[in-house]
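First to last, the sequence lines map onto chains D and Z. Going by the working numbering, the residue at position 118 of the first sequence is 121; the numbering climbs one at a time, nothing skipped. Going by the working numbering, the residue at position 186 of the second sequence is 448; the numbering climbs one at a time, nothing skipped.
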Amino acid sequence: MSDTPAIELKGISKAFGPVQANKDISIRVMPGTIHGIIGENGAGKSTLMSILYGFYKADAGEIWINGARKDITDSQAAIAAGIGMVFQHFKLVQNFTVLENVILGAEDGPMLRPSLSKARGVLKKLAQEYELNVDPEALIENLSVGHQQRVEILKALYREADILILDEPTGVLTPAEADHLFRILEGLKREGKTIILITHKLREIMEITDTVSVMRRGEMTATVKTSETSPEELAELMVGRKVLLRVDKAPAQVGAPILEIENLKHTDSHGVQRLKGISLNVRAGEILGIAGVSGNGQTELLHVLGGYADATGTVRVNGSEIDLTGKHSDGQSRRARGIAHVPEDRHHEGLILPYTAWENTVFGYHRDPAIQKGPLMDNAAIRAEAQAKMDRYDVRPPNPNLAARNFSGGNQQKIVLAREIERDPDILLIGQPTRGVDIGAIEFIHQEIVRLRDKGKAILLVSVELDEIMSLSDRIAVMFDGHIMGERLPADTNQTELGLLMAGITDTAKAATA
Amino acid sequence: MPAWADAVLVPLISILLAALISAGVILAIGENPITAFMAMVDGALMKSTGWGYTLYYATNFIFTGLAVAVAFHARLFNIGGEGQAMVGGLGVALVCLYIPFPHWSLSLIFTIAAAGLFGAAWALIPAYLQAKRGSHIVITTIMFNFIAAALLNYVLVNMLKPAGAMEPATAAFPATTHLPTFFDMFASDGNPLFRGSPANVSFFIAVAACVLVWLLIWRTKLGYEIRAFGQSETAAEYAGISPVKITVVAMLISGALAGLMALNTTQGEAERLVLNASEGAGFIGIAVALMGRSHPVGVFLAALLFGFLYQGGAELAFWANIPRELVDVIQALVILFTGALDNMVRMPLEKAFLYFRKEAR
């Protein structure tokens, strides 16, 4: 290994208006290593990588690649410098084949055929070398998410990238797919490629990286050898204070069933059946976690229970049935029955982003007679109550007149959580409680969920983060393709078994539990 | 960018740009833009009669502007103000012709109800089709404008036209339904204010409508739901707000507001129902709502500006050696700059504000 870093960034700074996204960042990545960059949302990771890939121009600083200073003005320049990027949201043409996507923008000459046959050969070679098997003639839209990601990696390798940047690559993968990806990355590393892995998952950093840089509020707070650090230390570096990574909770004091679901079926507007006969129950004082890769019906389950998707089957709340299709099947009726809902998508469902924080603190409960004054809404009282809630939930900045869109993800989630929990519901539906939420706020949100459980409420938790499901739930149900694949107790199961269930594989799971 | 700049500076610069280009056009046909501008100001703002006309036009634009604004808050584009105003006029005519009133004030209560109901009814079908069938409201409201014109033509020619009359119009309304004009209200023997101008008591109804719309949109739970639905339909469904209900209710309110315009034109000015009583105000309402940022105060100010353009434009055609059509060009430019080219002004202004803030630090 030479002493020349594959990538060296010197004093990179970048501001967007008044926001300093990157402040004097310097970093050295040695060739043939996997370098992790970890930090909370908004810490500046993506901005830094966008500068490296030529999407943004840094206000100050230099980029050196393999010992030579490069002026990366656009992505073409980045590719020419040997940098490849795999985005969190893939940039693939859905109705093109794998081959067509790979050569897109890298065609030789006006005719496609020579490029395609050349690419076919290269892809074959890459597939053998790195376990990157994808059918070159398959259409992207028919590929699984894991395979689509491989196409993104192949695209970069086809352009002869020596440096590969992956932005949150495991967010959309099952645990098995993530393991496969890591094997691919190990293989690439052995061949001398340099890899930068951007993630917010500490486990991945510990598992695969050689060195790790921590970013906080636009600054690089530390760069350490992974073997010489611990998840606790990294979390502290990210947040700036000690963080409890484990969820601290007493054993559940389980009571009677509050939410009983029998044979629930839902067909979406495209005629696709999304729920294929779900039966579950959630008892007082317990958290039922629904694990699963996103897109397997969890969203639809929440929508049906939240009152904004029709379904057949039976749902009972405190023993009495609720209307699933008729006049009394809407969000208002559900709230009246004591069902509160923190939706998965707080930007499009949980909040009206242009509304102020105080307007959002009554969203869904705005018809409550207690906050009306004659024909008008009692805005002064709502605002005062919002201020009190924001103080209790430590929402920052504690300004109820600020529009919801101006709060960070964690603080937006706290606003939604405060609204739903403070209504003292019997049942809390909560989807992806910590998606896009910073570590400091995750701790707080988890504590609030457990606190509500300990008050004897029934909680249905949906999350694609298996760690979160494992640490929060008192019982785990795994969803795959609109079915419940099985229920497990957290103490009796592990990530491997849940991962298989999440991929719809029951035989081995049955064998394991038999 | 601070809120005041967004609300005041952007439209102001847009108007200035429109004025500059208008000046260029006037120069190009060999006239003096300053003389032309002075003629407009003189005709629209310097005499009480001019004001009487300006406020008369502004009254129309306030009603139609509010109509478009309310629908905008629910993210519905009501282009049917024209038709809704025409049908509102029919309601006013029927009430005035067939119910005997002892006093105009009593008639006004009934005509307000009739104009609103007829206008709302005309908006109901497009609203229902949008809410239930997904038929696009822009298409259906435009079509309903044509249907309204045909309907009015039929009703006037075949049913309401007095026997022997040659003109497709109703008989004159009884004197007890005539609304007091500004001349009746404000002129004294020594000071004949607003003489000969059509501004009438319905201007105050329009101002009251501004206040009521403001209360509705920003202070009631219905307004809260309308705005929430307009910002995010998925969030509205999450909260249990029915998209069908909000679409229909917002369009009914919008149609009623457009219908109220007939108070001013039909009862207040013509004192009978004529063909094309809406005078294109339904379309100007779109520009007024866009320019006024769908806020009642903004709509009021924008309506005044368009009132000035209408009256000043008429004066221009009268006094200066400028063809009548040029007035349309000027109005079109104002609509273009304030409505369609909004971002052309906004973006550089936003950049400028960011730059100066950085410098200040």
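Beta carbons: idealized from backbone N, C-alpha and C, even for Gly. No experiment lies behind these values; they were computed from the predicted model shown.
Find out if the Cβ-Cβ distance for the pair residue i, residue j is shorter than 8 Å.
i: A501(Z); j: F366(D); result: yes
i: A382(Z); j: L595(Z); result: no
i: L305(D); j: R478(D); result: no
i: G274(D); j: Y311(D); result: no
i: V463(Z); j: P436(Z); result: no
i: K17(D); j: A46(D); result: no
i: I430(D); j: I342(D); result: yes
i: G292(Z); j: A524(Z); result: no
i: A385(Z); j: G517(Z); result: yes
i: A63(D); j: G14(D); result: yes
i: L191(D); j: L463(D); result: no
i: V354(Z); j: Q529(Z); result: yes
i: G305(Z); j: G574(Z); result: yes
i: L414(Z); j: L352(Z); result: yes
i: V89(D); j: L176(D); result: no
i: I466(Z); j: L455(Z); result: Looking at the sequence provided, one finds Phe at residue 466(Z) rather than Ile. No, the Cβ-Cβ distance between F466(Z) and L455(Z) is not below 8 Å.
Less than 8 Å between the CB atoms is what I'm expecting for residue i and residue j, so what's the real figure, rounded?
i: E134(D); j: R186(D); result: 6 Å
i: I75(D); j: L107(D); result: Contact doesn't hold; Cβ gap of about 21 Å is too wide.
i: D484(D); j: G459(D); result: With a Cβ gap of about 34 Å, D484(D) and G459(D) do not count as contacting.
i: M348(Z); j: S540(Z); result: 5 Å
i: I433(D); j: A497(Z); result: With a Cβ gap of about 17 Å, I433(D) and A497(Z) do not count as contacting.
i: S1(D); j: I264(D); result: As shown, chain D starts at 4 and ends at 517. That puts residue 1(D) outside it, with no answer to give.
i: Q526(D); j: F93(D); result: Residue numbering for chain D in the displayed model covers 4 to 517; residue 526(D) lies beyond these limits and cannot be assessed.
i: I488(Z); j: A512(Z); result: 5 Å
i: M158(D); j: N104(D); result: What sits at residue 158(D) in the sequence shown is Lys, not Met. The Cβ separation is near 7 Å, so the contact holds.
i: T402(Z); j: L391(Z); result: 5 Å
Closer than 7 Å by beta-carbon distance: list the chain Z residues that pair up with residue i, in chain order.
i: P378(D); result: T482
i: D27(D); result: Simply none; closest approach about 18 Å.
i: Y311(D); result: E499 and Y500
i: E352(D); result: T496, A497 and Y500
i: H369(D); result: K483 and Y486
i: P372(D); result: Chain Z residues near P372(D): none, gap ~10 Å exceeds 7 Å.
i: P357(D); result: Q493
i: P346(D); result: Y500
Can you name the residues of chain B whose CB is closer than 8 Å to the CB of residue i?
i: Y360(Z); result: As a matter of chain content, chain B is missing from the structure shown, whose protein chains are D and Z.
So, helix, strand or coil for residue i, using DSSP?
i: A269(Z); result: helix
i: V217(D); result: strand
i: V511(Z); result: helix
i: N25(D); result: strand
i: T499(D); result: helix
i: Q91(D); result: coil
i: Q97(D); result: coil
i: I404(Z); result: helix
i: F363(Z); result: coil
i: G14(D); result: strand
i: I342(D); result: strand
i: K127(D); result: helix
i: R478(D); result: strand
i: K121(D); result: helix
So which residues of chain D does residue i contact, with C-beta pairs closer than 9 Å?
i: Q392(Z); result: Within 9 Å Cβ-Cβ: nothing; Q392(Z) doesn't reach chain D, min ~17 Å.
i: L477(Z); result: P378 and L379
For residue i, which residues in chain D fall below 8 Å Cβ to Cβ?
i: A267(Z); result: Correct list: empty, because the minimum Cβ distance to chain D is about 15 Å.
i: S450(Z); result: What S450(Z) touches in chain D: nothing, since even the nearest Cβ is about 40 Å away.
i: S504(Z); result: D333
Who are the neighbours of residue i on chain Z, taking C-beta pairs under 8 Å?
i: F520(D); result: Residue numbering for chain D in the displayed model covers 4 to 517; residue 520(D) lies beyond these limits and cannot be assessed.
i: Q375(D); result: K483
i: D260(D); result: The question names Asp, yet the displayed sequence has Pro at residue 260(D). By Cβ distance, chain Z contributes nothing, its closest Cβ being about 25 Å from P260(D), past 8 Å.
i: R338(D); result: G502
i: N409(D); result: Neighbours of N409(D) on chain Z: none; closest Cβ ~13 Å, over 8 Å.
i: N414(D); result: Simply none; closest approach about 18 Å.
Which residues in chain Z sit within 9 Å of residue i, going by Cβ to Cβ distance?
i: I325(D); result: Neighbours of I325(D) on chain Z: none; closest Cβ ~13 Å, over 9 Å.
Report the start-end ranges of each beta strand (DSSP E) in the stretch 186-235 of chain D that is 3 residues or longer and not cut off at the edges. 197-202, 214-219 and 222-228
What runs of the beta strand (DSSP E), each 3 residues or longer, lie entirely inside the stretch 36-71 of chain D? 37-42 and 63-68
Threshold first: 4 residues or longer. Then list the alpha helix (DSSP H) segments lying entirely within the stretch 241-326 of chain D, N to C. 301-309
Length-filtered (3 minimum) beta strand (DSSP E) runs lying within the stretch 429-469 of chain D: 430-434 and 461-465
For the stretch 448-519 of chain Z, list the alpha helix (DSSP H) runs that are entirely contained and at least 4 residues long, ordered along the chain. 464-481, 483-493 and 495-501
Ranges of the beta strand (DSSP E) found wholly within the stretch 140-187 of chain D, counting only runs of at least 3: 166-170
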